[in-house]
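Here's the structure we're looking at; comments come further down.
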Amino acid sequence: MDYLVSEGYPGAAEKFAQETNVPGPVDNESIRERVRVRNAIHGGRLDEAIELINDIDPEILDNNHLLHFHLLQLQLIEIIRTILTKPGSNPVATDFLPAIKFATEQLSPRAPTDPKYQQALERTMALMIFPPEKMTPEFKELLDEKLRQKVAVEVNRAILESRGERSEAKIRQLIKARAWAEHEARAAKVDLPAYVPLGLNAADEVGEGDGDAMVS
């Protein structure tokens, strides 16, 4: 139940409560708000997502500059993606004017505040230089739709924290504790099998990999 509520699955939480006879989530509407935000991000509709976040609590983005930058960076990526994937298109410089305008107005003013922002902006702008088939992995990962999932996870946690709710399900905490214990045991030269299954694949968890597609 804790996982379904914190990760934003109201329908599944209600069904689980009915079938197991445990108390259901108290505030389904707040869960659905987070679902709407998540769906907008997964669908590449960043304007809509930012508007929904501000409707929930405008201080979320006002107080979390890194998260706001991630959302704007992803919005720029989506603009570039639309240009690159337009059927039958072979983009020329003028096709990217909307992306350049957005970057100039929304991201460039933030770049001087942190060198990492500047580097992230430069990497994102480089997507306009190379055709997708000639991009190196570091640029291709910016266009990977897994990036939407990563940002959606960040946003979900920020919304929960703004409400004083648990920002991470207990099951995720248990997985991380389990992985940490195994790491410590191996460091102490405890005899363990080469692979000890976790039961859930923590390595596949969105946003927990080694990629550095966005500022951290």
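Numbered by UniProt numbering, the letters in the sequence shown go through residues 1 to 216 in order.
From the three backbone atoms N, C-alpha and C, an ideal C-beta is built for every residue, glycine too.
key: Nearest residue (CA-CA) to Val-35, options Arg-157, Gly-164 and Asp-191   = Along the sequence shown, read from residue 1 onward, the residue named residue 35 stands at position 35. Of Arg-157, Gly-164 and Asp-191, the residue nearest in Cα terms is Arg-157.
request  = Consult DSSP for Ile-53 and reduce its assignment to one of helix, strand or coil.
outcome  = The sequence position of residue 53 within the sequence shown is 53, counting from 1. Ile-53: helix per DSSP, three-state reduction.
query = My guess is that Gln-149 and His-42 are in contact by the Cβ rule of under 8 Å, so how many angstroms apart are they, rounded?
reply = As a position in the sequence shown, residue 149 is number 149, starting the count at 1. As a position in the sequence shown, residue 42 is number 42, starting the count at 1. Right, their Cβ atoms sit about 7 Å apart.
message = For Leu-52, tell me which candidate among Ile-100, Ile-129, Phe-102 and Glu-33 has the shortest Cα-Cα distance.
response = The residue you call residue 52 lines up with position 52 of the sequence shown. Taking only the C-alpha atoms, the option nearest Leu-52 is Glu-33.
query = Any contact of the region 113-128 with the region 64-73, i.e. 3+ C-beta pairs under 8 Å?
reply = yes
Whole-angstrom distance between Ile-31 and Pro-25, CA atom to CA atom = For this step, residue 25 is matched to residue 25 along the sequence shown. For this step, residue 31 is matched to residue 31 along the sequence shown. With a pLDDT of only 47 at Pro-25, under the threshold of 50, the placement of this residue in the model should not be trusted, and no figure is reported.
request  = Please check the pair Ile-79 and Pro-91, which I expect to be a contact at CB under 8 Å, by giving their CB distance rounded to whole angstroms.
outcome  = Taking the sequence shown and counting its residues from 1, one reaches residue 79 at position 79. Taking the sequence shown and counting its residues from 1, one reaches residue 91 at position 91. Not really, about 12 Å apart at Cβ, beyond 8 Å.
query = Under the three-state reduction of DSSP, which class applies to Pro-132: helix, strand or coil?
reply = Position 132 of the sequence shown, counted from the start, is the residue given in the question as residue 132. Residue state, collapsed to three classes: helix.
key: Exposed unless 16 or more other CB atoms sit within 10 angstroms - verdict on Ala-40   = As a first step, residue 40 is located in the sequence shown; it is residue number 40 there, counting from the start. Under this definition Ala-40 is a buried residue.
message = Can you tell me whether Leu-147 is buried or exposed? The criterion is at least 16 other CB atoms within 10 Å of its CB, across all chains shown.
response = Numbered from 1 along the sequence shown, position 147 holds the residue referred to as residue 147. So Leu-147 ends up on the buried side.
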